[in-house]
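Colleague: Taken in sequence, the protein lines are chains W, C, Z and V.
Each residue of the first sequence is one higher than the one before, starting from 30 at the first, in the working numbering.
Each residue of the second sequence is one higher than the one before, starting from 30 at the first, in the working numbering.
Each residue of the third sequence is one higher than the one before, starting from 30 at the first, in the working numbering.
Each residue of the fourth sequence is one higher than the one before, starting from 30 at the first, in the working numbering.
Pasting a structure here, questions to come.
4 protein chains.
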Amino acid sequence: MQSRIPPPARTGGRPRNAAADAAILESTRQALVELGWSKLTLGDVATRAGVAKTTLYRRWAGKSELVVDAVAELFDELELPDRGSLAADIEGVVLQFAALLGRPETKTALMAVVAESTSDEPLRERIRTSIVDRQKRLVLAGRKRAQERGELPPEPDPTAAGLTADLIFDVIAGAVVHRALVSAEPVDEDWARRFTLLLLGGLAAAAAQTW
Amino acid sequence: MQSRIPPPARTGGRPRNAAADAAILESTRQALVELGWSKLTLGDVATRAGVAKTTLYRRWAGKSELVVDAVAELFDELELPDRGSLAADIEGVVLQFAALLGRPETKTALMAVVAESTSDEPLRERIRTSIVDRQKRLVLAGRKRAQERGELPPEPDPTAAGLTADLIFDVIAGAVVHRALVSAEPVDEDWARRFTLLLLGGLAAAAAQTW
Amino acid sequence: MQSRIPPPARTGGRPRNAAADAAILESTRQALVELGWSKLTLGDVATRAGVAKTTLYRRWAGKSELVVDAVAELFDELELPDRGSLAADIEGVVLQFAALLGRPETKTALMAVVAESTSDEPLRERIRTSIVDRQKRLVLAGRKRAQERGELPPEPDPTAAGLTADLIFDVIAGAVVHRALVSAEPVDEDWARRFTLLLLGGLAAAAAQTW
Amino acid sequence: MQSRIPPPARTGGRPRNAAADAAILESTRQALVELGWSKLTLGDVATRAGVAKTTLYRRWAGKSELVVDAVAELFDELELPDRGSLAADIEGVVLQFAALLGRPETKTALMAVVAESTSDEPLRERIRTSIVDRQKRLVLAGRKRAQERGELPPEPDPTAAGLTADLIFDVIAGAVVHRALVSAEPVDEDWARRFTLLLLGGLAAAAAQTW
DNA sequence: AACTAAACGAGACGGTACGTCATGTCTTGCC
DNA sequence: GGCAAGACATGACGTACCGTCTCGTTTAGTT
Numbered sequence: 030m031q032s033r034i035p036p037p038a039r040t041g042g043r044p045r046n047a048a049a050d051a052a053i054l055e056s057t058r059q060a061l062v063e064l065g066w067s068k069l070t071l072g073d074v075a076t077r078a079g080v081a082k083t084t085l086y087r088r089w090a091g092k093s094e095l096v097v098d099a100v101a102e103l104f105d106e107l108e109l110p111d112r113g114s115l116a117a118d119i120e121g122v123v124l125q126f127a128a129l130l131g132r133p134e135t136k137t138a139l140m141a142v143v144a145e146s147t148s149d150e151p152l153r154e155r156i157r158t159s160i161v162d163r164q165k166r167l168v169l170a171g172r173k174r175a176q177e178r179g180e181l182p183p184e185p186d187p188t189a190a191g192l193t194a195d196l197i198f199d200v201i202a203g204a205v206v207h208r209a210l211v212s213a214e215p216v217d218e219d220w221a222r223r224f225t226l227l228l229l230g231g232l233a234a235a236a237a238q239t240w
Numbered sequence: 030m031q032s033r034i035p036p037p038a039r040t041g042g043r044p045r046n047a048a049a050d051a052a053i054l055e056s057t058r059q060a061l062v063e064l065g066w067s068k069l070t071l072g073d074v075a076t077r078a079g080v081a082k083t084t085l086y087r088r089w090a091g092k093s094e095l096v097v098d099a100v101a102e103l104f105d106e107l108e109l110p111d112r113g114s115l116a117a118d119i120e121g122v123v124l125q126f127a128a129l130l131g132r133p134e135t136k137t138a139l140m141a142v143v144a145e146s147t148s149d150e151p152l153r154e155r156i157r158t159s160i161v162d163r164q165k166r167l168v169l170a171g172r173k174r175a176q177e178r179g180e181l182p183p184e185p186d187p188t189a190a191g192l193t194a195d196l197i198f199d200v201i202a203g204a205v206v207h208r209a210l211v212s213a214e215p216v217d218e219d220w221a222r223r224f225t226l227l228l229l230g231g232l233a234a235a236a237a238q239t240w
Numbered sequence: 030m031q032s033r034i035p036p037p038a039r040t041g042g043r044p045r046n047a048a049a050d051a052a053i054l055e056s057t058r059q060a061l062v063e064l065g066w067s068k069l070t071l072g073d074v075a076t077r078a079g080v081a082k083t084t085l086y087r088r089w090a091g092k093s094e095l096v097v098d099a100v101a102e103l104f105d106e107l108e109l110p111d112r113g114s115l116a117a118d119i120e121g122v123v124l125q126f127a128a129l130l131g132r133p134e135t136k137t138a139l140m141a142v143v144a145e146s147t148s149d150e151p152l153r154e155r156i157r158t159s160i161v162d163r164q165k166r167l168v169l170a171g172r173k174r175a176q177e178r179g180e181l182p183p184e185p186d187p188t189a190a191g192l193t194a195d196l197i198f199d200v201i202a203g204a205v206v207h208r209a210l211v212s213a214e215p216v217d218e219d220w221a222r223r224f225t226l227l228l229l230g231g232l233a234a235a236a237a238q239t240w
Numbered sequence: 030m031q032s033r034i035p036p037p038a039r040t041g042g043r044p045r046n047a048a049a050d051a052a053i054l055e056s057t058r059q060a061l062v063e064l065g066w067s068k069l070t071l072g073d074v075a076t077r078a079g080v081a082k083t084t085l086y087r088r089w090a091g092k093s094e095l096v097v098d099a100v101a102e103l104f105d106e107l108e109l110p111d112r113g114s115l116a117a118d119i120e121g122v123v124l125q126f127a128a129l130l131g132r133p134e135t136k137t138a139l140m141a142v143v144a145e146s147t148s149d150e151p152l153r154e155r156i157r158t159s160i161v162d163r164q165k166r167l168v169l170a171g172r173k174r175a176q177e178r179g180e181l182p183p184e185p186d187p188t189a190a191g192l193t194a195d196l197i198f199d200v201i202a203g204a205v206v207h208r209a210l211v212s213a214e215p216v217d218e219d220w221a222r223r224f225t226l227l228l229l230g231g232l233a234a235a236a237a238q239t240w
C-alpha cells in the first residue's frame, strides 16, 4: 500500500528525514482530537510537528491522504483475541472495534474521509486498503479458528464463503459504526452480547438454507 | 424540528421570499453532487440559487445546517411498502434505503454531516430528528405490521422491545450504509435477500433466549 | 490617470472605504523607508495600514502599481518657484527635485519601479503619466516665464520647441538623478549653480545654430 | 575589485570549475532578458547553467552581487573611439553608451541594482567600481585627448578639473539613461548631435567664468 | 397614498487558510 | 575539498471563502 508521495529515485540528494513522518502523523491525530476534521489545517499540523509546511506537502497530496494514513496506524492494533469460543471472540472484536471508534480522532476522521471518498475514487481505494481490509482479516481468522474448534463446519464452496464473509463483515462493522457514531449510544458488553446472539443465530439459520 | 433561523416576530416589513428556500435547498443538493462536501461553498450555492449570500445567512447558520436540511427533504420519501410478509417488507426497506444512499448528494452529505456532528452536539441532535428518526419509524411500523399479521408475537416488555428495535435499526442501517459507502458494493436484490435471511434468523434465535 | 483598479460600475453594494486608500499609500511610503523595495511586502503594508490584504489587492494589481501611486503623491508637491530670473528658477527646481530624491522612500522606489518597467510596458506608461510628466510641466512653465521676462526669445517653431524641451528635460532630470542616486554625491547649491551655468550656456550656444 | 566570494586558502581539495563561472554569468544575463529583475531566481539561473544551487551560493553572496558581475562584463566593451574631434568623440561615446543601454539585460539590471544599492552601501561601492568608473574613465580620456589636440586648454587647477569632470559625467550618463529608460525615446544620431552641441556650448560658456 | 420595517442584491471588509514558490542552508554520496 | 541532487525551515505570494457589514432598492402590510 503506497499512500505517501514517494521520494524520487535515489540518485543523490539529501534523504528525507524519517522521524518527520512519525511526528507528522502523531500531530495529525492530536489536531484531529482538538479541532475536528473541518477545522484541522495542514499548516497547524506542520507547526505541531515542528516541520515546515513544504515538508508536509512533499510527502502527502492533501488533507484526506494525510488523515487516512494517520488513522490507519490506529487500526494496526486491532487483533483477534482468543477468548475460547466463537461468541466470545466476536464479542471481543466488537468491543475492541468500538473502543477504537470511541477515540475522538478515529470517530471524527473516519466519517470525514469516507465522506470525502464518495467523490474521490482513489481516496476510497486508499481507505479500503489502509483501513477497511485490516478488519476483514479478523472475520476470516475468526471463522478459521471456529472451524478448527469444530464450532463451524468447513465451507466447501469458496464463492459462497466469500459472499458470507463479506456480508458478515458489513453487518459487524456497519452495526458497530452506526451504533457508535450515528445513534451515538454506547457499545458496551451488554450490547455486544445481544448483537453477537443476533449474528450467530442468523448465521445458523442461514446455513440451514441453500445460499 | 426547526433548523432554519426563524424570521423575527412579524411586526411589519417585507416577508421572506418563500421560493428562495426551495431554490437554495435544490442548489445545495446540486452543488453537493458536483463538488462534494469539502468543496461546496455557500457563496456558490447562493449564486446557483440566484440569491445573495446575505439571504442565505439570514436563514441558516452555516454549511452543516443547510446541508442537513437539504438532505432531510430526500428522506421524506421513505415509506414502508406492504409487500405481504415481514421478510418481503424488510427487503423492500433495505432496497429503498439503498436507493436513497445511491444518490450522490445523499451519500456525500450524510457521511459529511455525521462527521461534523462528532464534535457538534446540536448538529447531531438535528441529524437525529431530521434524518435518522425517519428511518427508525420504519422499523417500528414494520414490527407492528408483522405482529398484526401474526408473524411476530406481541412484545410484553416495552424496555426489551425498545432495545431490540434499536439493535435491529443499527444492524439494518449500519449494514446497508457500510455495504454501499465503505465496501462500495451494490445493494441489490440478492444481497437484500441474504441479509434479510440473516436478520430474521437472528431475531428468531434471539427471541428464544431471555434478553 | 487611472492606476488603481476601479470599483465596478456602481449598481449597488457597499462602497469602498476612501480612507483606506490614504492609509495604504502612507503605509507604503513608510515601509519603503524602513525596508527598501525588495523587502517590502504587501502583507506588511496591509498590516501597517490596518487593512486586510484582500482590500489592498482589490485596489492595486501588485507591488509596482502600488509603489508608483505612493511615490507619485510626493511629486505633487513639486512646483516652479519664482526666484526672479531664469537661472535662479532653474537652480530652485534642481534643488527642489534633489530634495525629493533625497528622501529615502523616493530614491529607493523610483529606481526600482523604473527597473521593473523595463520589462513591463504598462508600468512604464503609468510611471510616465503619474510621475515624469509632472516634472516636464516645470520645464515648459519655466521657459514661458523666461520668455515673458524677455530672457528668452519666443519660439516660432513648435516642433523645435518640443524637441528642445524634451532635451532639456532629459538633461536636467537625468543629471540630478544620476548625481543623487548613482554617483551618490550631494546636490547642493554649488552643484546646482555650476549645472545651471552649463545648461544655460549650452542653450545659448545651441540657439545660435540652426536646429 | 573582487565581488565573487574567493575560494579558501588552497590547502588541497578539488579546485573550482572555472567554466562554471562563465556559464553562470551568461545564464544570468539570459534570464534577465527573459524574466526581468524581480522574476529572476537563483535556482533558475543554476538550472540554466547546468550547475547546482550550492555551487552558485558558494561563489556569490546573493542576487545583486551576481547580477552586478554579470552586467559588469558588458561594460568591458566600452572604449573611446577616435573620431577626430571632441564633438565627434562625445557623440561616439553617447551612441556607444546608448547601444549598451538598449540591450535588455543591461537596462533591466542596471536600474535594479542601483535601486537595491540605495539601501546597501557595499553594493553601491561594487557598482561604482565595476560599472560606473568604467564610464568615467572615458570622460577623462576624452578630455585628455582634446587637450592634446588643442581643442581644450590644459586645466591648471586639479580640484576644479575634478569637479568639472564629475559634472560632465553626471550630465552625459544621466541624460542618456533618462532619455533611454525613462522617456523611452531613441538615442539616435540626431539626438546625440543636439545633446553634444548643448554640452560643448555649456562647457565653453562655463569655461569663461570663474568656477 | 404615504409610511414603515424588514427582505433583498450587491459588493466591500477583516480574517484565515490555502497550496506554491524562492531563499539560503544542510546533508549525502560521488568524484 | 568541489559538486549535483534534493531535503529542509522560513516566509511571502496571490487566491478563495468565511461570515459580517453597509449600501440603495424593493415589497408588503399598515395607517
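Ideal Cβ placement from N, Cα and C applies to all residues, glycine included.
1) Would you mind listing the alpha helix (DSSP H) stretches within the segment 156–230 of chain Z that are 4+ residues and don't spill past its ends, in chain order?
2) Kindly indicate if chain C contains any beta-carbon less than 9 Å away from that of W:Ser67.
3) How is the alpha helix (DSSP H) around C:Gln59 delimited, first residue to last?
4) Locate the alpha helix (DSSP H) running through Z:Leu95, then write down its first and last residues.
5) Which same chain residues end up closer than 7 Å to V:Arg163 when comparing Cβ atoms and leaving out the 5 residues on each side of it in sequence?
6) Give the C-beta separation of V:Ser93 and V:Val142 to the nearest angstrom, bearing in mind that I take them to be a contact with Cβ-Cβ under 8 Å.
7) Could you tell me which of W:Ala99, W:Ala101, W:Val123 and W:Arg45 sits nearest to W:Leu109, measuring between CA atoms?
8) So with CB distances below 8 Å, who are the chain Z contacts of V:Arg208?
9) Could you check where the alpha helix (DSSP H) with Z:Ala78 kicks off and where it finishes?
10) Can you tell me the Cα-Cα spacing of Z:Thr147 and Z:Arg153, whole angstroms?
11) DSSP three-state call for C:Thr84: helix, strand or coil?
12) CA-CA distance, C:Thr83 and Z:Asp50?
13) Measuring only the C-alpha atoms, how far is W:Ala236 from W:Ala90?
14) State whether the segment 186–196 of chain W contacts the segment 129–141 of chain C, with contact taken as three or more CB pairs (one from each stretch) at a distance under 8 Å.
15) For W:Thr40, count neighbouring Cβ atoms within 10 angstroms of its own Cβ and tell me buried if that reaches 16, exposed if not.
16) With distances taken between CB atoms, is the gap from W:Leu115 to W:Glu180 smaller than 9 Å?
17) For the alpha helix (DSSP H) containing Z:Pro133, name the first residue and the last one.
18) To the nearest angstrom, how far is the alpha carbon of W:Ala117 from that of W:Gly79?
19) Does the beta-carbon distance from Z:Ala144 to V:Leu64 come in below 9 Å?
20) Given a cut-off of 9 Å, decide if W:Val100 and W:Arg244 are closer than it, judged by their beta-carbon atoms.
21) Which bits of chain V does Z:Lys136 rub up against, with CB to CB less than 7 Å?
22) Let me confirm a value: V:Gly113 is counted as buried when at least 16 other C-beta atoms fall within 10 Å, else exposed. Which label applies?
23) Applying the criterion that 16 or more other CB atoms from any shown protein chain within 10 Å of the CB defines a buried residue, is C:Thr135 buried or exposed?
24) What's the call for C:Asp186, buried or exposed, on a 16-neighbour Cβ count within 10 Å?
25) Which residues of chain W have a Cβ atom closer than 7 Å to the Cβ of C:Arg153, listed in chain order?
26) Alpha carbon to alpha carbon, how far is W:His207 from W:Glu214?
27) Does the beta carbon of W:Trp89 come closer than 9 Å to any beta carbon on chain C?
28) In the structure shown, what three-state DSSP assignment does C:Ala233 receive?
29) So what's Z:Gly42 in DSSP terms, helix, strand or just coil?
30) At 9 Å on the CB atoms, spell out the chain V contacts of Z:Leu226, in chain order.
31) Under 7 Å Cβ-Cβ, which residues of chain C neighbour W:Val161?
32) Anything in chain C within Cβ reach of W:Val143, meaning under 7 Å, just list it in chain order.
33) Exposed or buried, what is V:Gly42 when buried is set at 16 or more other beta-carbons lying within 10 Å of its beta-carbon?
34) Please state whether DSSP places Z:Arg153 in a helix, a strand or coil.
35) Just checking: is the beta-carbon of V:Leu192 within a distance shorter than 9 Å of some beta-carbon in chain Z?
Modeller: So, from the listed chains and residues:
1) You should have 162–178 and 187–206.
2) Taking Cβ atoms only, chain C reaches closer than 9 Å to W:Ser67, which makes this a yes.
3) From DSSP, the alpha helix (DSSP H) with C:Gln59 extends over Ala47 to Leu64.
4) DSSP places Z:Leu95 in the uninterrupted alpha helix (DSSP H) bounded by Lys92 to Phe104.
5) Annotation for V:Arg163: Phe104 and Leu107 place their beta carbon closer than 7 Å to its own, counting only its chain and skipping 5 residues before and after.
6) For a cut-off of 8 Å, the C-beta gap from V:Ser93 to V:Val142 is around 6 Å, short enough to register as a contact.
7) Checking every option, the nearest Cα to that of W:Leu109 belongs to W:Val123.
8) Per Cβ cutoff of 8 Å: Asp199 and Gly203.
9) Counting along the chain, the alpha helix (DSSP H) containing Z:Ala78 begins and ends at Leu71 to Ala78.
10) A direct Cα-to-Cα measurement between Z:Thr147 and Z:Arg153 gives close to 7 Å.
11) Three-state result, C:Thr84: helix.
12) A straight line joining the alpha-carbon of C:Thr83 with that of Z:Asp50 spans about 27 Å.
13) Between the alpha carbons of W:Ala236 and W:Ala90 lies a distance of about 46 Å.
14) No, because fewer than three Cβ pairs between the segment 186–196 of chain W and the segment 129–141 of chain C fall closer than 8 Å, the two stretches do not touch.
15) W:Thr40 is exposed by the Cβ-count criterion.
16) Yes, these two residues count as a Cβ contact at 9 Å.
17) In the DSSP assignment, Z:Pro133 falls within the alpha helix (DSSP H) that extends over Pro133 to Ser146.
18) Approximately 44 Å, taken between the alpha carbons.
19) No.
20) A question about residue 244 of chain W goes unanswered here, because the residues of chain W that appear run from 30 up to 240.
21) Z:Lys136 reaches chain V at Thr147, counting residues in chain order whose Cβ is nearer than 7 Å.
22) Burial state of V:Gly113 is exposed, judged by a 10 Å Cβ sphere holding fewer than 16 other Cβ atoms.
23) C:Thr135 should be labelled buried.
24) It is exposed - the Cβ of C:Asp186 has fewer than 16 other Cβ atoms within 10 Å.
25) Below the 7 Å Cβ cutoff, chain W contributes Ala213 as neighbours of C:Arg153, in chain order.
26) Taken atom to atom, the span from the alpha-carbon of W:His207 to that of W:Glu214 is near 9 Å.
27) Cβ-Cβ to chain C under 9 Å: no for W:Trp89.
28) Helix, per DSSP.
29) Coil at Z:Gly42, not helix or strand.
30) Those within 9 Å of Z:Leu226 in chain V are Gly231, Ala234, Ala235, Gln238 and Trp240.
31) Those within 7 Å of W:Val161 in chain C are Val211.
32) Chain C residues near W:Val143: Met140, Leu210 and Val211.
33) A residue is called buried when at least 16 other Cβ atoms come within 10 angstroms of its Cβ; V:Gly42 does not meet this threshold and is exposed.
34) Three-state result, Z:Arg153: helix.
35) It does: the Cβ of V:Leu192 has a partner Cβ on chain Z nearer than 9 Å.
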